[in-house]
Amino acid sequence: MTQYLDVEKKIKSLSHDLHEYIEQRQLDDVLMVGIHTGGVWVAKRLYQSLELTSQLAELNISFYRDDFTRIGMHPQVQPSKLPATVDGRHIILVDDVLYTGRTIKAALHEIFDYGRPASVALVVLIDRGGRELPIQADFVGRKVVLEKNQQIKLTGPTPLELSIVDARADR
Amino acid sequence: MGYRNNVQLTPDKRLKHFLSIEGLPRSILVEILDTAENFAQVGERAIKKVPILRGKTIVNLFFENSTRTRTTFELAAKRLSADVLTMNISTSATSKGESLLDTLNNLEAMQSDMFVVRHASSGAAYFIAKHAPDHISVVNAGDGCHEHPTQAMLDMFTIRRHFADFSKLKIAIVGDLHHSRVARSQIHALTTLGVNEVRVIGPNTLIPNEMSKLGVHLYHDLCKGLRDVDVVIMLRLQKERMDGGFLPSEKEYFQTFGLTEQKLSCAKPNAIVMHPGPINRGVEIASEVANGKQSVILQQVTNGIAVRMAVMSMTMGSHLAAENKS
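Here the protein sequences line up with chains P and R, keeping their order. For our numbering, add 37 to where a residue sits in the first sequence, where the first one is 1. For our numbering, add 25 to where a residue sits in the second sequence, where the first one is 1.
Encoded structure:
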């Protein structure tokens, strides 16, 4: 059985919260960074909705993964696209699904190789629990508890669709 | 050649050693180019280093002189966070086979993870890959007159950055094809990637007979060969490999096959000029061309770092993954 989640509603509420966050803290140097591939799709939507003007950055974390020695090089997606330095920037890091926390650890590692940001906030569309590291999101679209045989599937970029699929049925 | 194919790939068809372009499928070559594209971006950052090979030891075994290849391999290893040591070993030892194995045994005992090998004998890298224990990856940095696969891939990378579609390209390789391992690797790479036409241009004495079997077109006139060409690859006249009898004189060679601005005008107006280096100015290429607008010779050097990072991480990665599976 496939269960669809309402992406538009989540994007709307996340951008509302982010707008408040930026206003309250009076951040005038926000840099939005999406993690490839799903995170970039989500970041694009939030970026448009917030009407940000600075570059929308993209992160490809393949060279920072901690599973390289177990599975080798990942198939390559688009290269990272960040400004030459992130010194003093307030970063809004965006991913589609937060699970073990390892992707975010790798992403933070890579970001710091571009300089020393003033702050990093984490936004995820879905938090599916199952953390293996002490990493939490600042903004969560929706928390989801999955059965053992279930998976989250994001398809995009347009239309951006999110569903919970039965892994066995999917095969 | 069957065994050679198998040596380079793991059972699940990932790159284990990088010894020759010959025998590799297009998908692997494209994967190298795509991975290198991502590493190229690392080279443009303030901190030009990624942690992927942290704690790994790479040994550069150079039995033959080299500056560019050795230093870019070193730089590539360092940018992957590996520990790297370079050994320049003279080839004067009489029994190469035996001394080579002894050297290898010692390096193995130092717990290294990868050998990058340059050797004056064709097949040296294959020999080492065959005899090295399973956990060591071997990368060929040039073996005799056989192949120089990373050079060919950095050339492909440079070409792809200028022209997106290989299938439309006409490419000419000019000069000493007889002694050139670079040319041999390039021809295999270009045909595997499906270019429209590969031409080789040079004097009869410097073009081996078997070239025509590789599906290339032979030319003995530079201007005729360059007509409609998108990429001109100049080869170095390998003075150290000339035992005489190949050429009347360097001066005469330059007059006939040296790339001058005038000769270059026979190619397409937006053609790029490549050279693997080191350049013999005034022998195979005129200074004005080497320094000119159409020259991408220094881009090739920069691209060499990214391509070598890609090859090192891919070979080491597939290896480690295979070990973890078993």
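Backbone N, C-alpha and C define an ideal beta-carbon position, used for all residues, glycine too.
Span separating the alpha-carbon of residue i from that of residue j
i, j, result
"R/Gly-48", "R/Val-220", "17 Å"
"P/Lys-47", "P/Ile-98", "25 Å"
"P/Val-134", "P/His-127", "22 Å"
"R/Leu-260", "R/Ile-77", "34 Å"
"R/Ser-117", "R/Val-32", "Confidence is the limiting factor: at R/Ser-117 the pLDDT is only 49, short of 50, which leaves the residue's position unreliable and the question unanswerable from this model."
"P/Lys-142", "P/Val-161", "14 Å"
"P/Gln-92", "P/Val-131", "14 Å"
"P/Met-38", "P/Leu-170", "31 Å"
"R/Leu-218", "R/Arg-51", "6 Å"
"R/Thr-119", "R/Ser-91", "Summary for R/Thr-119: the model assigns pLDDT 43, below 50, so the residue's position carries little reliability; its value from the coordinates is reported in the next sentence. One C-alpha to the other measures close to 21 Å."
"R/Thr-94", "R/Glu-277", "30 Å"
"R/Lys-74", "R/Leu-86", "23 Å"
"P/Gln-40", "P/Leu-89", "32 Å"
"P/Leu-145", "R/Arg-143", "38 Å"
"R/Glu-348", "R/Ile-161", "11 Å"
"R/Ser-147", "R/Ser-45", "11 Å"
"R/Thr-111", "R/Val-163", "14 Å"
"P/Gly-138", "P/Arg-102", "11 Å"
"R/Cys-248", "R/Phe-98", "36 Å"
Beta-bridge pairing of residue i - partner residues as DSSP gives them
i, result
"R/Tyr-244", "R/Ile-226"
"R/Thr-217", "None, per the DSSP bridge assignment."
"R/Ser-274", "Answer is none; R/Ser-274 lacks a bridge partner."
"P/Thr-90", "Paired residues: none, contrary to the question."
"P/Phe-192", "According to the sequence shown, residue 192 of chain P is Thr rather than Phe. Answer is P/Glu-198."
"R/Thr-82", "R/Asp-108"
"P/Gln-187", "P/Asp-203"
Local Cβ density within 10 Å of residue i, reported as buried at 16 or more and exposed below that
i, result
"R/Leu-345", "buried"
"P/Thr-106", "buried"
"P/His-53", "exposed"
"R/Phe-191", "buried"
"R/Lys-264", "exposed"
"P/Glu-184", "exposed"
"R/Ala-71", "exposed"
"R/Glu-89", "buried"
"R/Leu-323", "exposed"
"R/Lys-238", "exposed"
"P/Thr-195", "exposed"
Same chain only: Cβ atoms within 8 Å of residue i, ignoring 5 sequence neighbours per side
i, result
"R/Gln-136", "Thr-82"
"R/Gln-325", "Leu-179, Asp-180, Thr-183, Met-299, His-300, Pro-301, Gly-302"
6 Å Cβ shell around residue i - same chain, five flanking residues per side excluded
i, result
"R/Phe-182", "Leu-58, Ala-61, Asn-328, Val-332"
"R/Phe-64", "Ala-331, Met-334, Ala-335"
"R/His-187", "Ile-297"
"R/Ile-184", "Val-256"
"P/Val-77", "Gly-71, Glu-95"
"R/Ala-107", "Leu-78, Lys-81, Ile-83"
Neighbourhood of residue i by C-beta distance below 7 Å, restricted to the same chain and skipping five residues each side
i, result
"P/Lys-180", "Asp-164"
"P/His-73", "Glu-95, Leu-96, Asn-97, Val-114, Gln-115"
"R/Gln-211", "Ala-177, Asp-180, Ile-198, Ile-258"
"P/Leu-51", "Leu-83, Val-160, Phe-176, Gly-178"
Can at least three beta-carbon pairs, one atom from the region 195-202 of chain R and one from the region 223-243 of chain R, be found at a separation below 8 Å? yes
Tell me whether the region 203-212 of chain R and the region 170-179 of chain R touch, counting them as touching only if at least three CB pairs, one residue from each stretch, are closer than 8 Å. Touching, yes.
So, does the region 301-311 of chain R touch the region 33-40 of chain R, judging by three or more C-beta pairs under 8 Å? no
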